[in-house]
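In our numbering, the protein residues as written are 3 to 197.
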């Protein structure tokens, strides 16, 4: 699985077409850059595909290496497929897959069907990187298979609250994401758009 993920990441960098939207963020912990988020949005007439890869390398009590890969496909504005792979120190931490089958979403965790959803999904986590959620109050988490709330707290600033009550702050400038204060549980990170 590592090689597939590595290959996908390599291809993400090599095959990004000139019309693709590519965004890079530094991941910051205690005022030190410890990683990078790279995201690519590819749009055709009927489909939008999002890829993101985040890598973090730091020491927090012990060595911490996190690789977070997401691939999400929307067809005609509706989520069709989403895959999230997270590894921590080389071991699989999360492996989820959401797919639309006959009008119903199936959410798989570690290859096992966990739940089904019947409502259409039109906005999810990865879109926060590319699109200011100005009219969005609730969105789908590709990682957890659940929904989170989004609340505008100030002009161009939004608070995302996940199902466990963890809050992250997204700040936009001219409708583009500028920074994220991310509550990841034991550790909080900041992600800042690279110049």
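The C-beta atom is built at its ideal place from N, Cα and C for all residues, glycine as well. These figures come from a predicted structure and were not determined experimentally.
Unbroken alpha helix (DSSP H) run spanning residue i, endpoints
{"i": "residue 131", "result": "129-132"}
DSSP three-state assignment for residue i, whether helix, strand or coil
{"i": "residue 64", "result": "strand"}
{"i": "residue 69", "result": "strand"}
{"i": "residue 100", "result": "strand"}
{"i": "residue 30", "result": "strand"}
{"i": "residue 144", "result": "coil"}
{"i": "residue 185", "result": "strand"}
{"i": "residue 165", "result": "coil"}
{"i": "residue 50", "result": "strand"}
{"i": "residue 22", "result": "coil"}
{"i": "residue 124", "result": "coil"}
Bridge partners - residue i, DSSP secondary structure assignment
{"i": "residue 160", "result": "154 and 172"}
{"i": "residue 57", "result": "38 and 69"}
{"i": "residue 149", "result": "142"}
{"i": "residue 76", "result": "50 and 81"}
Delimiting residues of the beta strand (DSSP E) encompassing residue i
{"i": "residue 44", "result": "34-45"}
{"i": "residue 84", "result": "80-90"}
{"i": "residue 192", "result": "190-195"}
{"i": "residue 116", "result": "114-119"}
{"i": "residue 137", "result": "No beta strand (DSSP E) contains residue 137, which DSSP labels as neither H nor E."}
{"i": "residue 107", "result": "106-111"}
For residue j and residue i, believed in contact at Cβ under 8 Å, the rounded distance
{"i": "residue 118", "j": "residue 107", "result": "6 Å"}
Three or more beta-carbon pairs under 8 Å between the segment 180-188 and the segment 147-155, yes or no?
no
Closer than 8 Å is the cut-off here; do at least three beta carbon pairs connect the segment 73-85 with the segment 127-144?
yes
Does the contact criterion of 3 or more C-beta pairs under 8 Å hold for the segment 159-174 versus the segment 97-115?
Contact fails: fewer than three Cβ-Cβ distances are below 8 Å.
Within 8 Å, do at least three Cβ pairs link the segment 129-136 to the segment 89-105?
Contact fails: fewer than three Cβ-Cβ distances are below 8 Å.
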